[in-house]
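Colleague: Mature numbering (1 follows the signal peptide of the UniProt record, and there is no 0) puts the sequence shown at residues -25 to -1, 1 to 634. Ideal Cβ positions, reconstructed from N, Cα and C, are used throughout, including at glycine. Note that this is a predicted model, so its numbers are computed, not measured.
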Amino acid sequence: MALPAPGTALAGAILYALLLAQAAAAQTAAPASLPPPVETPAAGNRAGENAVRGASDAFGTVIGREEIGLYAADNIRGFSPVVAGNVRIEGLYFDPVIFPSDRISGATSIRIGPSALGSPFPAPTGIVDLSLRVPGRERAGSALASLDSFGSHIAELDLALPLSSRFSLGLGAMISRERFINAAHDDKYEGALIARWRATDALTLTPFLSLAVTPRDDVGPIFLPAGDMLPPDPPRRRFIGPAWARRRDTELNAGLIADWALAQGWQLKAGLFRSSVAFPTNFSNLMEAVGSDGHARQTVLADPRLFFVSNSGEVRLTRSLADGPRSHQLHLALRGRQAFRSFGGSDSIDLGDTTIGTPSRAPLPAFRFGAQEEDRVRQWTGAVGYEGNWQGVGTLSLGLQKSDYAKRIGLPGFKTAVDAAPWLGNANAAIRLGQGTEIYGGFVTGLEESGIAPANAVNRNEALPAIITRQVDAGARQTLGDLTLVAGVFRLAKPYFNLDASGRFGPLGEVVSRGVEASIAGPITPSLSIVAGGVFSAPRVAGEAVALGVSGPLPVGAVRRTLSLSADWRPHFAPGLSFDIALFANSSTVATVNNAVHIPAQTFIDLGARYGFRLAGRDAVLRAQIFNAGGVNGVYLEGAGAYGMLDGRVAQLYLTMDF
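(1) Name the two residues that bound the continuous beta strand (DSSP E) containing Pro482.
(2) Could you tell me which uninterrupted beta strand (DSSP E) segments, each at least 3 residues in length, are contained entirely in the segment 269 to 341, listed from first to last along the chain?
(3) Where Gly166 and Glu131 are concerned, what is the direct C-alpha to C-alpha distance, given to the nearest angstrom?
(4) To the nearest angstrom, how far is the alpha carbon of Ile43 from that of Asp328?
(5) Which same chain residues end up closer than 6 angstroms to Gln410 when comparing Cβ atoms and leaving out the 5 residues on each side of it in sequence?
(6) Could you please give the first and the last residue of the uninterrupted alpha helix (DSSP H) stretch that includes Val521?
(7) Roughly how many angstroms lie between the CA atoms of Ser563 and Leu460, to the nearest whole one?
(8) Is the segment 32 to 42 touching the segment 401 to 408, taking contact as three or more C-beta pairs under 8 angstroms?
(9) With 16 as the cutoff for other CB atoms within 10 Å, does Val188 come out buried or exposed?
(10) Which residues share a DSSP beta bridge with Glu349?
(11) Going by alpha carbons, who is nearest to Leu371 out of Arg301, Leu339, Asp278?
(12) Roughly how many angstroms lie between the CA atoms of Gly266 and Leu529, to the nearest whole one?
(13) For Ala22, which of helix, strand or coil comes out of DSSP?
(14) Given this structure, state the Cα-to-Cα distance separating Gly369 from Gln453, to the nearest angstrom.
(15) For Thr356 and Ser378, I'd like the C-alpha separation in whole angstroms.
(16) Flag this pair as yes or no: are the beta carbons of Ile73 and Ser185 separated by less than 7 angstroms?
(17) Between Val352 and Val506, what straight-line distance do the alpha-carbon atoms span, to the nearest angstrom?
(18) What is the DSSP secondary structure of Ser80, reduced to helix, strand or coil?
(19) Leaving out the 5 sequence neighbours to the left and right, which residues in its chain are closer than 7 angstroms to Ala476 when beta-carbon positions are compared?
(20) Going by beta carbon distance, what residues of the same chain come within less than 6 angstroms of residue 651, once the five residues before and after it are set aside?
(21) Leu458 and Glu289 - do their beta-carbons sit closer together than 7 angstroms?
(22) Here's the rule: buried if 16 or more other CB atoms are within 10 angstroms of the residue's CB, otherwise exposed. What is Gln366?
(23) Determine the extent of the beta strand (DSSP E) in which Val37 is found, giving its start and end residues.
(24) So does the segment 217 to 232 actually touch the segment 241 to 250, counting three or more Cβ pairs closer than 8 angstroms?
(25) Where does Asp224 land, buried or exposed, given buried means 16+ other C-beta within 10 angstroms?
(26) Between the Cα of Asp176 and those of Ser541, Phe142, Ser151, Pro209, spot the shortest distance and give me the residue it belongs to.
(27) Rounded to the nearest angstrom, what separates Leu146 and Pro75 at their Cα positions?
(28) I'd like to know whether the C-beta atoms of Ala584 and Ile601 end up nearer to each other than 7 angstroms.
(29) Secondary structure at Ser90, three-state DSSP: helix, strand or coil?
(30) From the DSSP output, read off the bridge partner residues of Tyr611.
(31) Measuring only the C-alpha atoms, how far is Arg445 from Leu582?
(32) If contacts are defined as beta-carbon pairs under 8 angstroms, then Ser295 and Gln242 qualify, I think. What distance do you get, rounded to the angstrom?
(33) Who are the near neighbours of Ala542 in its chain, counting only those whose CB is closer than 6 angstroms to its CB and skipping five residues on each side?
(34) By DSSP, does Tyr629 sit in helix, in strand, or in coil?
(35) Are the CB atoms of Ala33 and Ser539 within a distance shorter than 7 angstroms?
(36) Excluding five sequence neighbours on each side, which residues of the same chain lie with their C-beta closer than 7 angstroms to the C-beta of Asn608?
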């Protein structure tokens, strides 16, 4: 029997749970009034956004426009939690096909190691947890205008409008005209709304909607060398075209979160989300067989109209119990998603021989598209979990999940079925040893997505099947005054996907990544704060592809060493003025499946300053930054044997004003 679509079934589950809870609450004493909810940074306080001052560790923090740390949403311990499907909104499961902008999300936290203990159901590749930019209880606004040395111009506006003592409406807008090192243009316009409605003292509803339109996104080149070599340094500030290779899209992220204190010790939290992107036009611009002299053959891949969408959500019931110095939480959760992706049917336009710096004047051709394939995924996951905390002793987190995964992929009427129904589990614990010392450890298994085939694969844009992943980690955390130190080890294993001998992106074996990571964060003095860390890893690939020489022993993208340092200094002799520096250094990057090519080690230094002052009686900040101050040029990795152009040095200036 076919299961109902999560988009409708989750809504029904939420409504049914709320009705049951209403009946249960009516038979018990009325719940005590809840304190005001903690507000995420929103309109009216953007002038104070500072990632260095706000970070609790070096494992990745995003606050507004600022991002620091060893890891990011697309790279944790060498893997992408976004690709894996480990994104959360306010702790609830969310499957984005397009990542929300900061019109909706005010901050992002990376949850690994000891920070994963705050999540009832952790994930092997780590969790990216988004905090919503909810409107506050006072009328407020923030405006931002920025420009950079490439000619980019961006304007942002956020408003908080309390319409009653219980209902606040937040509005956001952005106009972005970005320019890049390859002279490509990317124009985007976005509008967003988010509301906070305290329907009762116990029930809070938070709906949000973000709609973004990109009428022009020039598609820059991807360089594919002729052999085992890096491409020569491409010319800067020159768009090679063709002019008609422009991507257009419409992006949507919407959702509703319900947070209900049903009765004393009972909480129901639920979220239902929709994420979609439609591409009226989409292209990939390939510079193939690039030689050491810069000669190449240019091919543009044009897609028919594409549409990606995912409906996802979670319902979680939590029972909290107090037992003297001990507290317990029992979780019962249901997650679901239904995703659709169209791909294939592309037309390949051969633009002939050229050099990597020669602009193409090719006229717009008449495209001949083929039949499109479809990828449909339906997944349900039921979970039960326990979290316990013994004051002064430690914490314990246990979880068990049962997932039902069904994937249908191929041409309509000729689809291949991929089904899985694994049991998944996690056990994590931390023990306090006194004097601010804590040791932690745990293991977790997950059913995670494995990504999309890249532009240079013969199965370009194909969504790959979900995979079983496993992680074990352990370490220690030490608090020294306001400083927090974390050091740990990890082992992460998952199937390895990349290009095979035929150019198809598929399974090549298993990759096991072992590593050591460390972090220190906090104020050194009242005027100086730092966030610093490092990760040293040793990933290895094993399997038949390695034995046959199809793959080398290291995965594509492997980096053995990454170091990060961010500091913010507020000199006491200049009130309102601060200076900051960010350093990010990594060792060489494995660039090809056979491991014959590496991108050399790179070190990037960003310099910045901000000046806080009063403008027309309102808080304002003038922010100046120089990204890649050392002017590191060259290429970055787009995929196995595929490269993009580094931006080089960029200067940026922006003004933020709260009102």
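Modeller: Judging by the given coordinates:
(1) Taken as a continuous stretch (DSSP letters only), the beta strand (DSSP E) holding Pro482 covers 480 to 500.
(2) 270 to 278, 281 to 298, 301 to 318, 322 to 330
(3) Those two C-alpha atoms are separated by around 10 angstroms.
(4) 42 angstroms
(5) none
(6) 519 to 522
(7) 27 angstroms
(8) no
(9) exposed
(10) Ser317, Gly385
(11) Arg301
(12) 25 angstroms
(13) helix
(14) 14 angstroms
(15) 4 angstroms
(16) With a cutoff of 7 angstroms on beta-carbon distance, Ile73 and Ser185 are scored as not near each other.
(17) 40 angstroms
(18) strand
(19) Shown here for Ala476: same chain residues with a beta carbon closer than 7 angstroms to its own, the five before and five after excluded, namely Val525 in chain order.
(20) Since the first and last residues shown for the chain are -25 and 634, residue 651 lies out of range.
(21) no
(22) So Gln366 ends up on the exposed side.
(23) 36 to 38
(24) yes
(25) Its Cβ being crowded by 16 or more others within 10 Å, Asp224 is buried.
(26) Phe142
(27) 15 angstroms
(28) no
(29) helix
(30) Gly619
(31) 39 angstroms
(32) That pair is a contact at about 7 angstroms.
(33) Ile505, Ile556
(34) strand
(35) yes
(36) Answer for Asn608: Asp208, Leu621, Gly623, listed in chain order.
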